[in-house]
């Protein structure tokens, strides 16, 4: 049967199409033209053709007998031998793989059944890639063969299966259907979670490229269920490899379209979805109308929706939001975002821009309410620093925090939830600085915990410390010191919270740098060159922190200085 399959492929119409596909050759799933020449030629004598036909009839007869006797496994085996005699008939190959997948599923061998579905999707992909205008959203054939297929198969497929890419009847929907079946089977196997996530990723790209948003939501929910089974990553807090969803607040103004006019809703999308993707989705949904995208600098607190509305078009505002609790607190843990019903929008508030937008729209702008320790000007452009200079940058930066309360939690049967309540809070420049510094402290602490469990994952800790410690890369902490703290004397009652959080940040940086040095000496890297690089970075980090603290200590009273702050050994 195998020899007949090779012979049948040499001169058939399918063989010609396969040779014309450079992607198939790149993926190493079909023989090269040179190999084709060396293969056994087609049988030319009537006796050879008759023998081959007799073998085919015998295999089909045995297949029918096995089916009548209820032996589905034997029938699938006979069908395989029959299909190898007629490799130029794509329906037989597809039918064999589908039958074998059903048999393996019935027998409880889900991983092997998923292999059948993946191989069938690969064969479909090869045929679609040979078209002059392949459907959008399909993965590159070579990349799919190198990454997804090896992740889902325990061994290389047989050449007989590889040679079956000859069907012009295969469609992109068939490709997606086979991968969906494979993902559903792998979802039931906890040890195949990573393979299932790979398949879901390919499906998500296909659905997004073809604007199949309902199916995309199903794929996202499936990937979320699979990700929830990865218990070690959840317990350690290392969820970087898990597909976390993203959320966007979408506001619509203008042409009344059902209940979705002049209102806002929260949209849940798969990981990797951008603002542009959401805008494209809105344009597809409201294709009968002209869609205008309003800039994100427009805040509905100061510029009313009526100023954005236009009766001849739909105006869309899109902004990324973060799941939180009813008080606006958000966490990086997966449990905090499993079924969120409150979402936080936090953005810097440019008072000059707000005045300009209010004047352009004919509305009245009122300055933010002055917070504790802030002058009656409410943080206007005339504010000054503790040293008497004009306040710019962080010293005049207000932050707007908006918490949206939705009608139901997400995930839900639909990936969209209407906003039923909104609460807004204006943070003073001091409060904004404390919030920024506190988030930086939390990020450093979280990465230290990850590196404690496995030092090979300390590259993210080094990246965060490089942005916090190295002045030539990011001098954010020094900028905040200059904006809020006087260089002489103690911090005032108003700036004391900023000083306390800054000291906390410096202490966390000191401890993290010291921890990294101890861990680098005790654990190290497997490669000598990598170990040398880590030790070199450690020495530079210690010197950089010492320089940073020498410049920052002028802003703090001597009694507030923790003992032995410098990590550089004298």
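In the UniProt record's numbering, the protein residues as written are 1 to 570. Where a beta carbon is used, it is the ideal one built from N, C-alpha and C, also for glycine. Fair warning: this is a prediction, and the values are worked out from it, not measured in the lab.
- Per DSSP, the continuous alpha helix (DSSP H) segment holding residue 480 begins and ends at 476–484.
- If you draw a straight line from the Cα of residue 415 to the Cα of residue 283, it comes to about 17 Å.
- Per the Cβ contact rule, the stretch 442–455 is not in contact with the stretch 416–430 (fewer than 3 Cβ pairs under 8 Å).
- Residue 404 is a Cβ neighbour of residue 422, given a cutoff of 8 Å.
- Secondary structure of residue 404 (DSSP, three-state): strand.
- Assigned with DSSP and collapsed to three states, residue 117 falls in helix.
- With contacts defined by Cβ atoms closer than 8 Å, residue 516 and residue 458 form a contacting pair.
- Rounded to the nearest whole angstrom, the C-alpha separation of residue 326 and residue 347 is 18 Å.
- In this structure, 103 is the residue among 95, 54, 205 and 103 with its C-alpha nearest to the C-alpha of residue 74.
- The alpha-carbon of residue 281 is positioned some 13 Å away from that of residue 249.
- Nearest neighbour of residue 206 by Cα position, chosen from 191, 185 and 175, turns out to be 175.
- Residue 264 and residue 549 have their alpha carbons spaced roughly 46 Å apart.
- Linking residue 520 to residue 277 through their CA atoms gives a straight-line distance of about 42 Å.
- The Cβ atoms of residue 469 and residue 501 do not sit closer than 8 Å to each other.
- Inter-residue distance for residue 320 and residue 247 is about 6 Å (C-alpha atoms, whole angstroms).
- Secondary structure of residue 342 (DSSP, three-state): strand.
- Of the residues assessed, residue 482 falls on the buried side of the cut-off, its CB having 16 or more other CB atoms within 10 angstroms.
- Cβ-Cβ separation between residue 111 and residue 189: approximately 6 Å, consistent with a contact (criterion under 8 Å).
- Under the 10 Å beta carbon count, residue 540 is surrounded by fewer than 16 other beta carbons and is classified as exposed.
- The alpha-carbon separation between residue 323 and residue 461 amounts to approximately 24 Å.
- About 7 Å separates the beta carbon of residue 435 from that of residue 399, a gap short enough to meet the 8 Å contact definition.
- In this structure, residue 204 keeps its C-beta atom at 8 Å or more from the C-beta atom of residue 114.
- In the three-state reduction of the DSSP assignment, residue 416 falls in the strand class, which pools E and B.
- Its chain contains 183, 187 and 200 as the residues whose beta carbon lies nearer than 7 Å to that of residue 222, once the 5 sequence neighbours on both sides are disregarded; these appear in chain order.
- The beta carbon of residue 116 is closer than 8 Å to those of 97, 98, 100, 101 and 104 in its chain, skipping five residues each way along the sequence.
- Taking residue 140 as the centre and dropping the five residues before and after it, the same chain places no C-beta closer than 6 Å to its C-beta.
- Under the criterion of beta carbons closer than 8 Å, residue 497 and residue 430 qualify as touching, at roughly 7 Å.
- Here DSSP, grouped into helix, strand and coil, assigns residue 175 to helix.
- Secondary structure within the stretch 438–478: the alpha helix (DSSP H) runs of 4 or more consecutive residues, fully enclosed, are 459–469 (chain order).
- The criterion of a C-beta distance shorter than 8 Å is satisfied by residue 179 and residue 121.
- When secondary structure is reduced to three states using DSSP, residue 515 falls in the helix class.
- When secondary structure is reduced to three states using DSSP, residue 421 falls in the strand class.
- Per DSSP, the continuous alpha helix (DSSP H) segment holding residue 529 begins and ends at 528–552.
- Taken through DSSP and simplified to helix, strand or coil, residue 320 comes out as strand.
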